[in-house]
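J.: Structure provided below as structure tokens; questions to follow.
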Amino acid sequence: MGKAEDEGAEGGGGSLWDRSGGGNIAVVITVACVLVRPGPGWSVPQCRTEQDYFESYLAIASTVPSVLCLVLNYLLVNRLSPSVRILASLIVILVVFAITTVLVKVDVSGHQTEFFVGTLASVALVSGASNLFSGSVFGISGHFPMRISQALISGQAMGGTLSAVASVVDLAAASNVTDSALAYFLTADVFILLCIIMYLLLPKLAYSRHYMLAGGCSSGGVSSESSSPCSEAERCTGVDGVPGAVSVPPLKPILRKTWLLGLCVFYVFFISIMVFPAVSSGIQSVDRDTGSPWTTTYFVPLTSFLLYNAADFCGRQATAWLHVPGPTSRVLPALVLSRTVLVPLFMFCNYQPRNHLQTVLFNHDLFPVFFVSLLGLSNGYLGTLPMIYGPKVVPRELAEPTGVVMSFFLTLGLAVGSAFSVLIVHCI
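When we follow my numbering, the leftmost residue of the sequence shown carries the number 712, and every step to the right adds one.
So this is what it looks like as structure tokens:
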């Protein structure tokens, strides 16, 4: 891979690494950028589609399988224990990342197209497993106090921020993009192992054991948070008297309580993924021709990926202290709908290359910085509120499946938004 990669890196401003530089879809973006960079045998017309639509392809590959896995997760809520779902998904992710780490040093310059397809397939596999994991974890958090759900969602944003920071550090420290990707993936492997160890230790904590036991009983018909351990008969009885071990949670009562909150979650992430990273990572510095490291190497990783994730984390963390608007307020969907204006704002920044929409209205580097900050803050705050409200507006026995349903709305928004991102990029 080395020769093709190095020659591709010396090419023009259209290289994949220049376009993406790091990513919100964690380390997967980095490896795709490194491994699928056009080599000397690729002419510009041949690789133009892959370069122009790379982030959109990546978003589709990472979100569409997630919807299917979340549907599966909902069906398995009462059939398969959360521990099995969580540990199985983490092991799948670890195996894929370990294989990808090994492949970083493999020369694939003669099989770029095949490896591009394989990379997207691995993205789909990791994304499906990670959403099975996150949906299961968020479902469990529905049994805990609201602050635990908020902390879980903030932790996801912190993970994205750490990934973006690692990307920038790797860019600065590594002598080439291959070493950067290798360090990036080794870091990911270590953190996935830590996740497995931490989850295995979770049931040993008295605090978590109390709420997990109460949640297990409530799904069997006991709703009191302080109730004593339920009997075997209670544990085997699900909602409406259907055996809990084999029943599918009732969807209608969940949607009756949470449909508006679910639509808010859907639309927040629909707008976010439509412009990030497909459009935001293509916005270049207006002073790029100066050739300074800030305007070339670090502009996109810092002003797009790192800034977005940091702003997203701040927005999510704010929900630890503010719960305004409330779950029944009409102001919440109004604020969510107002984010639509962000789409044209990004389109009229200095996105390159431009094939159809030639007008650049926001011809200064501060504009994308402000827009990305606004996108991240609003995504974090308005996306977190309905997520933590959902499991709390339904009966306790429906808290876990409601958490999975809310995760489904989130992922559906990402899937539909990623498809629309292809259209947005084409229009520009």
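Heads up, the beta-carbon is just placed ideally off N, CA and C, and yes, glycines get one too.
1. With burial defined as no fewer than 16 other Cβ atoms inside 10 Å of the residue's Cβ, what is the status of Ser992: buried or exposed?
2. Is it the case that the segment 1076–1085 contacts the segment 994–1004, given that we only count it when at least three CB pairs across the two stretches are under 8 angstroms?
3. Within 10 angstroms of the Cβ of Gln1069, are there 16 or more other Cβ atoms? Answer buried if so, exposed if not.
4. Report the start-end ranges of each alpha helix (DSSP H) in the segment 772–853 that is 4 residues or longer and not cut off at the edges.
5. Look at the alpha carbon of Ser777 and the alpha carbon of Val1133, and state the distance between them as a whole number of angstroms.
6. For Tyr669, is the classification buried or exposed, using 16 other Cβ atoms within 10 angstroms of its Cβ as the cut-off for buried?
7. Out of Val1035, Ser800 and Val834, which one is the CA nearest neighbour of Ser773?
8. Which term fits Asp1023, buried or exposed, when burial requires 16 or more other beta carbons within 10 angstroms of its beta carbon?
9. Measure the C-alpha to C-alpha separation of Ala1110 and Arg1041 and round it to an integer number of angstroms.
10. What does DSSP give as the partner residues of Tyr768 in its beta bridges?
11. CB Thr1113 to CB Gly853, shorter than 8 angstroms?
12. For Ser983, count neighbouring Cβ atoms within 10 angstroms of its own Cβ and tell me buried if that reaches 16, exposed if not.
13. Flag this pair as touching only if the segment 860–869 and the segment 1026–1039 have three or more C-beta atom pairs under 8 angstroms; answer yes or no.
14. Based on the DSSP secondary-structure assignment, which residues constitute the bridge partners of Tyr1062?
15. Going by DSSP in three states, His1137 sits in which element: helix, strand or coil?
16. Figure out for me which residue from Val888, Arg790, Val813 and Leu779 has the closest Cα to the Cα of Ala840.
17. In terms of residue numbering, what span does the alpha helix (DSSP H) encompassing Thr872 cover?
18. Taking the C-alpha atoms as reference points, what is the distance between Phe1131 and Ile859?
19. If you reduce the DSSP assignment to three classes, tell me which class Gly1094 lands in.
20. Near Gly732, which residues of its chain fall below 6 angstroms by C-beta distance, leaving aside the five closest residues on each side in sequence?
21. Just to confirm before moving on: does the CB-CB distance between Val815 and Leu893 stay below 8 angstroms?
22. Rounded to the nearest angstrom, how far is the Cβ of Val979 from that of Gly1101, given a contact under 8 angstroms?
23. When we look at the beta-carbon of Ser937 and count the other beta-carbons within 10 Å, is it buried (16 or more) or exposed?
24. Suppose you measure from the CA of His921 to the CA of Pro1064; what does that come to, to the nearest Å?
25. Would you kindly check if the distance between the Cβ of Val1136 and the Cβ of Ala989 is under 8 angstroms?
26. With the cut-off set at 8 angstroms, would you say Phe844 and Ile797 are in Cβ contact?
27. Tell me which residues share the same chain as Lys963 and place their Cβ nearer than 6 angstroms to its Cβ, disregarding the 5 neighbours each side in the sequence.
28. Is it the case that the Cβ atoms of Val788 and Pro960 are separated by a distance below 8 angstroms?
29. Kindly examine the ligand GDP and report whether one of its heavy atoms sits closer than 7 angstroms to the Cβ of Leu781.
30. Between Thr969 and Val1115, is the Cβ-Cβ spacing less than 8 angstroms?
31. For the segment 1007–1083, which segments carrying the alpha helix (DSSP H) assignment without a break, of at least 4 residues, lie completely within its bounds, in sequence order?
32. Grouping DSSP H, G and I as helix and E and B as strand, with all else coil, what is Leu1121?
T.: In this structure, then:
1. Classification of Ser992: buried, given that the 10 Å Cβ count is 16 or more.
2. Proximity of the segment 994–1004 to the segment 1076–1085 meets the contact definition, three or more beta-carbon pairs being nearer than 8 angstroms.
3. The residue in question, Gln1069, is exposed, as its Cβ has fewer than 16 Cβ neighbours within 10 Å.
4. 793–814 and 823–852, all fully within the segment 772–853.
5. C-alpha of Ser777 to C-alpha of Val1133: approximately 18 angstroms in a straight line.
6. Absent from the model: residue 669. The displayed extent of the chain is 712 to 1139, so no value can be given.
7. Nearest of Val1035, Ser800 and Val834 to Ser773, Cα basis: Val834.
8. Buried, by the Cβ-count rule.
9. So the two alpha carbons sit approximately 23 angstroms from each other.
10. DSSP output for Tyr768 lists no bridge partner at all.
11. The criterion of a C-beta distance shorter than 8 angstroms is satisfied by Thr1113 and Gly853.
12. By the 10 Å Cβ count, Ser983 comes out buried.
13. Touching, yes.
14. BP columns for Tyr1062 point to Ile994.
15. In the structure shown, His1137 sits in a helix (DSSP, three-state: H, G or I).
16. The shortest Cα separation from Ala840 among Val888, Arg790, Val813 and Leu779 belongs to Leu779.
17. Segment Met857 to Ala884, the alpha helix (DSSP H) holding Thr872.
18. Those two C-alpha atoms are separated by around 33 angstroms.
19. Reduced to three states, the DSSP call for Gly1094 is helix.
20. In this prediction, Gly732 has a pLDDT of 34, which is less than 50 and means its spatial position is unreliable; nothing more can be read from the coordinates.
21. The Cβ atoms of Val815 and Leu893 lie closer than 8 angstroms to each other.
22. About 13 angstroms separates the beta carbons of Val979 and Gly1101, which is beyond the 8 angstroms limit, so they are not a contact pair.
23. Model confidence at Ser937 stands at a pLDDT of 40, short of 50, so the residue's coordinates are unreliable and nothing is read from them.
24. Between His921 and Pro1064, the C-alpha separation is close to 56 angstroms.
25. With respect to the 8 angstroms criterion, Ala989 and Val1136 are classified as neighbours on the basis of their beta carbons.
26. Yes, Cβ-Cβ distance for Phe844 and Ile797 is below 8 angstroms.
27. Closer than 6 angstroms at Cβ, skipping near neighbours: no residue.
28. Yes, the Cβ-Cβ distance between Val788 and Pro960 is below 8 angstroms.
29. Absence of the ligand GDP is noted for the structure shown, with no ligands found whatsoever.
30. Taking 8 angstroms as the Cβ cut-off, Thr969 and Val1115 do not qualify as a contacting pair.
31. Listed in chain order, the complete alpha helix (DSSP H) runs (minimum 4 residues) inside the segment 1007–1083 are 1018–1029, 1042–1049 and 1053–1058.
32. In the structure shown, Leu1121 sits in a helix (DSSP, three-state: H, G or I).
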